[in-house]
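First up is the structure itself, then whatever we jot down about it.
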Amino acid sequence: GIAVEVEEQHMNIVTGLSGSGPAYLYYVMEAMMQAAVEGGLTKEDARDLTVQTVLGAAEMVRLTQEEPAELRRKVTSPGGTTQAALDVMNTHHVNKTIVSAVHRAAERSQEMEHQIGREIE
Numbered sequence: 001g002i003a004v005e006v007e008e009q010h011m012n013i014v015t016g017l018s019g020s021g022p023a024y025l026y027y028v029m030e031a032m033m034q035a036a037v038e039g040g041l042t043k044e045d046a047r048d049l050t051v052q053t054v055l056g057a058a059e060m061v062r063l064t065q066e067e068p069a070e071l072r073r074k075v076t077s078p079g080g081t082t083q084a085a086l087d088v089m090n091t092h093h094v095n096k097t098i099v100s101a102v103h104r105a106a107e108r109s110q111e112m113e114h115q116i117g118r119e120i121e
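Set out below in structure tokens:
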């Protein structure tokens with residue numbers, strides 16, 4: 001991994017992003033694997049394909065230094081399968097839900113910080 005130095009005032013959002021972040025990705029991976037199994041793949045194949053998809057996407061962001069939104073646009077053909085899937089995600093406000101979840105985790109981090117502070121006093 002890497003170390004990123006942030007000001008103390010940003011620690012709660014860092015917790016919401018990278019402290020809780022692995023669970024968000026696992027959650028998405030669970031859903032992808034579920035869909036693959038429902039579509040007839042074995043659990044093993046669903047897992048392998050999902051893991052490679054996530055690793056490949058992360059590696060593209062890391063290596064190209066392009067924004068995820070730009071990479072998404074590059075792999076989304078108008079009227080294609082990816083666009084159809086993204087349309088469903090947009091209908092269900094997946095982006096807004098993820099943003100809200102990260103902020104809620106940051107808020108909870110702050111609540112826990114205050115609770116611990118009161119217990120120490």
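Using the numbering used here, the first residue of the sequence shown is number 1, and each one after it goes up by one.
Note that the Cβ used here is the ideal one computed from N, Cα and C, for glycine as well.
In the DSSP annotation of this structure, residue 20 is not part of any alpha helix (DSSP H), being labelled neither H nor E.
Here residue 94 carries a helix assignment [DSSP, helix/strand/coil]. The alpha-carbon of residue 26 is positioned some 37 Å away from that of residue 121.
Counting C-beta pairs with one atom in each stretch, the region 1-17 and the region 91-111 have three or more that are closer than 8 Å, which means they touch. For residue 71, the enclosing alpha helix (DSSP H) stretches over residues 68-74. Going by DSSP, residue 55 is part of the alpha helix (DSSP H) stretching over 43-64.
Secondary structure at residue 77: coil, using DSSP grouped into helix, strand and coil.
The criterion of a C-beta distance shorter than 8 Å is satisfied by residue 60 and residue 71.
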